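Student: Top line first, the protein sequences correspond to chains A and B.
For reference, each letter of the first sequence is one residue, going 12 to 131 in this note's numbering.
For reference, each letter of the second sequence is one residue, going 9 to 113 in this note's numbering.
C-beta: ideal position from N, C-alpha, C; glycine also.
Given the structure is predicted, the values throughout are model-derived calculations rather than measurements.
Below you'll find the structure I mean.
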Amino acid sequence: EVQLVESGGGLVQPGRSLKLSCAASGFTFSNYYMAWVRQAPKKGLEWVATISTSGSRTYYPDSVKGRFTISRDNAKSSLYLQMNSLKSEDTATYYCARHYGYNHWYFDFWGPGTMVTVSS
Amino acid sequence: IQLTQSPSLLSASVGDRVTLSCKGSQNINNYLAWYQQKLGEAPKLLIYNTNSLQTGIPSRFSGSGSGTDYTLTISSLQPEDVATYFCYQYNNGWTFGGGTKLELK
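Here it is, written out as structure tokens:
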């Protein structure tokens, strides 16, 4: 059974940093592109970052480019999101999600999410 | 590509045929998926590539469309279908629609 479990969320002040983690199990982690998707309270979904199977390629929307860094450790089946210079608009539930495959860019499995609140 | 979902709120009765719409600002080339999100839960994949049903999803869910206009249909609404539904395009970038909240009348 595919499982994705996020951790690391919490309350952080504006301008500070936070690192999220996602532990994957039930599939060969190194074979899949992985992503982070967020959802602000009572809002829609926003793709935040994607990383290739080896970690050599990363992709971001303009809203987080230069502030967020996605990374992975295939030996540990873990995905990470380093978030720097946090803003109030980054407040959201952050989901770890698996891309089905290369050129099949929909997300087929999601974790339950971890909440990040940016506030002074 | 921007996605516009309509309506934003839909009230229907058990057994109704329900249709949700998703319109793209550009051609999506059928690279469209639908997700169901129940309150307090993560999104769940229902449909991918416009009309392919994800494993384990009931056959009352179906998808259709082409170009810029896509539809999710629930053939006979069940109480457990109460949720918010999001469309998602992966033809050019990766973007979600704003969602349609489906409630029971």
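By the DSSP assignment, the beta strand (DSSP E) with residue 44 (chain A) in it spans what residues?
Tutor: Neither: residue 44 (chain A) is in no beta strand (DSSP E) and is coded neither H nor E.
Student: My understanding is that residue 27 (chain B) touches residue 81 (chain B), with C-beta atoms under 8 Å, so please give their C-beta distance in whole angstroms.
Tutor: Sure, about 5 Å apart at Cβ, within 8 Å.
Student: Tell me which residues of the stretch 40-55 of chain B have at least one Cβ-Cβ distance to chain A shorter than 7 Å, keeping chain order.
Tutor: Going along the stretch 40-55 of chain B in chain order, one finds 41, 50, 51, 53 with a Cβ nearer than 7 Å to chain A.
Student: Rounded to whole angstroms, what is the Cα-Cα separation between residue 29 (chain A) and residue 91 (chain B)?
Tutor: In a straight line, the C-alpha of residue 29 (chain A) is about 31 Å away from that of residue 91 (chain B).
Student: Among B:106, B:84, B:60, B:66, which one has its Cα closest to the Cα of residue 9 (chain B)?
Tutor: It is B:106.
Student: Count the other CB atoms within 10 Å of the CB of residue 13 (chain A); is the residue buried (16 or more) or exposed (fewer)?
Tutor: With fewer than 16 other Cβ atoms within 10 Å, it is exposed.
Student: My assumption, with CB atoms under 8 Å, is that residue 91 (chain A) sits in contact with residue 82 (chain A). Please give the rounded CB distance.
Tutor: 5 Å between Cβ atoms; contact.
Student: Between residue 16 (chain B) and the rest of its own chain, which residues show a CB-CB distance below 8 Å, the 5 nearest in sequence each way excluded?
Tutor: Closer than 8 Å at Cβ, skipping near neighbours: 106, 107, 108, 109.
Student: What does residue 96 (chain B) reach in chain A if we use C-beta pairs closer than 7 Å?
Tutor: In chain order: 117.
Student: Which same chain residues end up closer than 6 Å to residue 20 (chain A) when comparing Cβ atoms and leaving out the 5 residues on each side of it in sequence?
Tutor: These residues qualify, in order along the chain: 125, 126, 127.
Student: Hey, is residue 69 (chain B)'s beta-carbon within less than 9 Å of any beta-carbon in chain A?
Tutor: Not an interface residue.
Student: Quick one: residues in its chain with C-beta nearer than 7 Å to the C-beta of residue 99 (chain B), no 5 flanking neighbours on either side, listed in chain order?
Tutor: Once the five neighbours on either side are set aside, the close Cβ partners of residue 99 (chain B) are 9, 36, 37, 39.
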